[in-house]
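Q: What follows is a structure written as structure tokens; I'll ask about it next.
Residue numbers (my numbering): 1045 to 1279.
Below, the structure written as structure tokens:
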């Protein structure tokens, strides 16, 4: 039976594919104040600006490709039961071949009804004012904005509680509630933390291996560490 590897990924792994992160530029995301384009207040203030912003992100996504970090995580499914929990709204994990991906903060390639959060549609082209659901309500990006609840959080906690191995890749561990997931790992579960600028993880009972590298290089180290651990268990 394969061991369960749970991986929490953040913007750092997508950055290597060319997707910019707002945390690198003082709250600006692709030149926009995140409060203007990633909050319910921003939506009510200027719906067309928000729609245009995500239309450009959707188009940008078509121009980038998964990187080596995404690819190695997909390949690890050969040896482990891999469950990815991502804070990213792109589909790069899926395009690399990962088959179990939970998106905490929504997905760029989906939209949903402004009146029924459970009415979610696949969407690959531009979304504009006047694009309506079947009941005549405006559609919006299927993105969890700042100030909104994270619907997938309970499922993410359940997954984390069953991890044999837990890896954190390319996230600053500053965005809650996602950053709090690590506290739900079983105390005996080894934790791997990949980030070029790692921070101290307070009050963690687990054994932590810190890999101070960018995601794609660090994931290669993660694979080696995991396979070595599995060899040790075989003896």
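Even glycine gets a Cβ: it sits at the ideal position worked out from N, Cα and C.
#1: Compare the Cα-Cα distances from residue 1095 to each of 1076, 1142, 1191 and 1200 and report the closest residue.
#2: Three-state secondary structure (DSSP) at residue 1073?
#3: Taking C-beta to C-beta, are residue 1146 and residue 1128 nearer than 8 Å?
#4: Under the three-state reduction of DSSP, which class applies to residue 1127: helix, strand or coil?
#5: Quick check on residue 1154: does DSSP put it in helix, strand or coil?
#6: Go to residue 1081, then tell me how far its alpha helix (DSSP H) extends in each direction, as first and last residue.
#7: Can you look up residue 1166 in the DSSP assignment and give me helix, strand or coil?
#8: Once DSSP output is grouped into helix, strand and coil, what is the label at residue 1235?
#9: Anyone know if the C-beta pair for residue 1156 and residue 1186 falls short of 8 Å?
#10: Can you tell me which residues form a DSSP beta bridge with residue 1053?
#11: Do the stretch 1048-1064 and the stretch 1205-1214 touch if we need at least three Cβ pairs shorter than 8 Å?
#12: Quick one: give me the first and last residue of the alpha helix (DSSP H) that residue 1112 is part of.
A: From the atom records:
#1: As a first step, residue 1095 must be located in the chain shown, where it is residue number 51. Check the Cα spacing between residue 1095 and each of 1076, 1142, 1191 and 1200: the tightest is with 1076.
#2: Counted from its first residue, the chain shown places residue 1073 at position 29. Reduced to three states, the DSSP call for residue 1073 is strand.
#3: Start at 1 with the first residue of the chain shown, and residue 1146 comes out as number 102. Start at 1 with the first residue of the chain shown, and residue 1128 comes out as number 84. In contact: residue 1146 and residue 1128 (Cβ atoms closer than 8 Å).
#4: Mapped onto the chain shown, residue 1127 falls at position 83. DSSP places residue 1127 in strand when its eight states are reduced to three.
#5: Numbered from 1 along the chain shown, position 110 holds the residue referred to as residue 1154. Residue 1154: strand per DSSP, three-state reduction.
#6: On the chain shown, residue 1081 is found 37 positions in, with the first residue counted as 1. Note, residue 1081: alpha helix (DSSP H), 1078-1081.
#7: Along the chain shown, read from residue 1 onward, the residue named residue 1166 stands at position 122. In the structure shown, the three-state DSSP call for residue 1166 is strand.
#8: Here residue 1235 is taken as the residue at index 191 of the chain shown, counted from 1. Residue 1235 falls in the strand class under three-state DSSP.
#9: One-based indexing of the chain shown puts residue 1156 at position 112. One-based indexing of the chain shown puts residue 1186 at position 142. Taking 8 Å as the Cβ cut-off, residue 1156 and residue 1186 qualify as a contacting pair.
#10: Counted from its first residue, the chain shown places residue 1053 at position 9. In the DSSP output, where bridge partners are listed per residue, residue 1053 has 1130 and 1213.
#11: yes
#12: The count along the chain shown starts at 1 and reaches residue 1112 at position 68. Where residue 1112 is concerned, the enclosing alpha helix (DSSP H) starts and stops at 1112-1119.
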